[in-house]
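Position 160 of the sequence shown, counted from 1, bears residue number 1649 in this note's numbering, the numbering being contiguous throughout. Glycine included, C-beta positions come from ideal geometry on N, C-alpha and C. Computed from a prediction, not measured in an experiment: that's the story for all the values here. Report on one structure; see the data block that follows.
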Amino acid sequence: MELLSVIGGTLWTAISYGVPFLFVLTVVVFIHELGHFQVARWCGVAIETFSIGFGRELFGWNDRHGTRWRIAAIPLGGYVKFEGDENAASKPAAGALDGLSADQRARNFHGQPVWKRAAIVVAGPLANFILAIAIFSVVFGLEGRQVTLPYVAAVIEGGVAEKAGIKAGDRIDAINGVAMESFNDLIRAVSGAAGDRLDIRIERDGRLIDIAAVPEQVAQQTSLGIQRRAMLGVRKSDLPEHQRHETFSPLGAVRAGIAQNNLIIEQTLAFFGRLFTGREHVDQISGIGRIAQASGETAKAGFVALIMWLGYISTSIGLLNLMPIPVLDGGHLVFYTLEAIRGRPLSERVQEYTFRFGLAIVLMLMIVANWNDVVHFASRAAG
């Protein structure tokens, strides 16, 4: 009976994590590929395949334009394959344009002017950003947003804040000249500043006081495992008078949605900046397992929380696809920029080697991310 209980619990955990994760991933991938698809259709490019997932086709159908829409067995991504592509990464087939008539070139992706190819490529990430902004805007418009004002409820003994002279009851007015409207503003200002001097203005008993502090990096257990964040060592207030519920007009909700999307982009770029300069740990990169875990745990908080998480993932996927790595959309945009400057595309041999290099980078990142997941789950299982 104990074994059956363990098996049942494991299956339930897999379902509770897997279903929200697949929902989030499928929507994000579909919208991303739909962006490529729609702009390609507007440009007159023939589209051979629109696939959700990789590997063996489970079921599919052909539309009136001859595009094969398919659902594949491995639901961890997707692709749109244009006429002239050698593979799902839109690598041009060798001699793809040789011997084609003018009409055939007009339908071939690689026969398009460079600006059209760039527009088709950038449409995928742009669709992800639009989806995220739409989600954030609708949620803010319907639900509003709960804001905790930047008051300090307590300082951690021996922490950075205590040493800098911050006290319980203080209000953080500004950091490095930027006004703090909420406690989340404080978190954002501090989280990427480990080892950096921060000029902090606090309000105490109606007086403004300027102090300096250097946040330290602290390891915290989160749904994505151990996360290292720079912290001051202050706790936010939960007093009712320090809480505010913001409501938005339709236009205000859209502005807030755009700001939320931009914030995610800024935080992600800041993370990679710290990673490449050695100020962030590579074990902070999460793979499929921890993202699935976070999706499941977010779903437990309700549908609105899951939808907001979907928006976060959509922005992240859009941004990651713009990284200048061959096989990703950003890598294609680099090729097209060079082609526009040179007046001709890179040679097939150069493109072949760069695609291999890009694929190696992507595989390496996947291995690192999923190894981090293995370590995370193994440490949790060990207690």
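Distance, Cα to Cα, residue i vs residue j?
| i | j | result |
| --- | --- | --- |
| I1655 | V1707 | 19 Å |
| A1858 | R1717 | 16 Å |
| G1762 | R1768 | 8 Å |
| A1759 | Q1749 | 15 Å |
| G1832 | T1826 | 10 Å |
| D1659 | I1777 | 41 Å |
| L1835 | E1828 | 7 Å |
| M1853 | L1764 | 15 Å |
| E1651 | D1688 | 15 Å |
| D1772 | F1539 | 34 Å |
| S1671 | L1808 | 26 Å |
| R1696 | A1663 | 13 Å |
| H1865 | W1531 | 45 Å |
| R1594 | Q1840 | 20 Å |
| I1645 | I1700 | 17 Å |
| E1730 | T1637 | 9 Å |
| S1784 | Y1506 | 6 Å |
| R1733 | L1740 | 20 Å |
| V1508 | I1780 | 12 Å |
| A1678 | A1788 | 28 Å |
| G1544 | G1746 | 36 Å |
| K1725 | G1633 | 21 Å |
| I1830 | L1848 | 25 Å |
| T1757 | A1682 | 14 Å |
| A1643 | V1723 | 6 Å |
| A1653 | M1669 | 18 Å |
| W1860 | A1719 | 24 Å |
| S1680 | I1624 | 25 Å |
| E1522 | G1600 | 20 Å |
| A1657 | F1510 | 40 Å |
Who pairs with residue i in a beta bridge, going by DSSP?
| i | result |
| --- | --- |
| Q1706 | A1719 |
| G1567 | I1541 |
| Q1732 | T1637 |
| I1691 | I1661 and I1698 |
| W1550 | W1558 |
| I1536 | F1571 |
| R1724 | A1643 |
Whole-angstrom Cβ separation of residue i and residue j, contact assumed at under 8 Å?
| i | j | result |
| --- | --- | --- |
| V1611 | D1818 | 7 Å |
| I1698 | L1675 | No, I1698 and L1675 are not in contact; Cβ-Cβ is about 16 Å, not under 8 Å. |
| I1536 | V1569 | 6 Å |
| G1533 | R1606 | The pair is not a contact, with the Cβ atoms about 12 Å apart (cut-off 8 Å). |
| G1524 | A1616 | 3 Å |
| A1561 | G1542 | 3 Å |
| S1626 | V1516 | Their Cβ separation, rounded to whole angstroms, is 16 Å, which puts S1626 and V1516 out of contact at 8 Å. |
| G1630 | N1810 | Their Cβ separation, rounded to whole angstroms, is 28 Å, which puts G1630 and N1810 out of contact at 8 Å. |
| I1520 | S1803 | 7 Å |
| V1628 | I1796 | 7 Å |
| F1705 | V1649 | Sequence check: residue 1705 is Glu here, not Phe. About 6 Å separates the two Cβ atoms, so the contact holds. |
Under a Cβ-count criterion, where at least 16 other Cβ atoms within 10 Å of its own Cβ denotes burial, should residue i be classed as buried or exposed?
| i | result |
| --- | --- |
| G1567 | buried |
| I1563 | exposed |
| Q1431 | There is no way to answer for residue 1431, as the model of the chain reaches only from 1490 to 1872. |
| E1491 | The pLDDT assigned to E1491 is 48, lower than 50, so where the model puts this residue is not dependable, and the model offers no usable value. |
| H1554 | exposed |
| S1775 | buried |
| L1620 | buried |
| I1856 | exposed |
| E1572 | buried |
| Q1635 | exposed |
| D1727 | exposed |
| L1799 | buried |
| V1667 | exposed |
| D1552 | exposed |
| F1792 | exposed |
| F1548 | exposed |
| A1702 | buried |
Measure from the C-beta of residue i to each C-beta in chain D and report whether the shortest distance is under 8 Å.
| i | result |
| --- | --- |
| D1685 | Among the protein chains of the structure shown there is no chain D, as only one such chain exists. |
With a threshold of 7 Å, establish whether the CB of residue i neighbours any heavy atom of the ligand GTP.
| i | result |
| --- | --- |
| S1803 | Among the components modelled here there is no ligand, and therefore nothing to report on the ligand GTP. |
Note to self: Please give the ranges of any alpha helix (DSSP H) in the region 1734-1804, keeping only runs that are unbroken, at least 4 residues long and fully inside the region.
What the structure shows: 1739-1765 and 1777-1789
Checklist line | Ordered list of alpha helix (DSSP H) runs contained in the region 1595-1669, each at least 4 residues | finding: 1603-1632 and 1649-1653
Next item on the list: Enumerate, from N- to C-terminal direction, the unbroken beta strand (DSSP E) stretches of 3 or more residues contained entirely within the region 1801-1830.
Entry: none
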